[in-house]
Amino acid sequence: MIKVTRFNGKEYYINSDLIETIEETPDTVITLRDGKKYVVSETVEEIVNRIVEHKRKVFCIEEYLKKD
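Counting in our numbering, the sequence shown runs from 9 upward without gaps.
Laid out in structure tokens, this is it:
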């Protein structure tokens with residue numbers, strides 16, 4: 009899950025595995041696989057960086073747990 013912000017300042021979380029597209033129109037619009045759209049204040053680059061960081065944490069934890 010990644011944190012995103014609505015234009016009214018309210019923060020919420022989106023399951024990054026369900027994201028189908030992210031586009032700037034000029035607002036950033038996240039479209040999920042089910043067709044739901046979310047307009048957020050972050051840029052596309054910020055969203056992508058959050059997804060990469062989230063996945064990095066998940067995979068590092070998995071690798072750590074496999075060592076035992």
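Glycine included, C-beta positions come from ideal geometry on N, C-alpha and C. Note that the coordinates shown come from a computational prediction; the quantities given were computed from them, not determined experimentally.
Within the model, the alpha-carbon separation for E32 versus F67 is close to 29 Å. The beta strand (DSSP E) runs of length 3 or more contained entirely in the stretch 9–51 are, from start to end of the chain, 10–13, 19–22, 27–32, 36–40 and 45–48. Taking 8 Å as the cut-off, the beta carbon of I10 is found closer than this to the beta carbon of I59. Taken atom to atom, the span from the alpha-carbon of R14 to that of K63 is near 23 Å. One Cα belongs to V48, the other to L73, and the distance between them is close to 34 Å. With respect to E19, T36 sits apart: the two C-beta atoms are not nearer than 8 Å.
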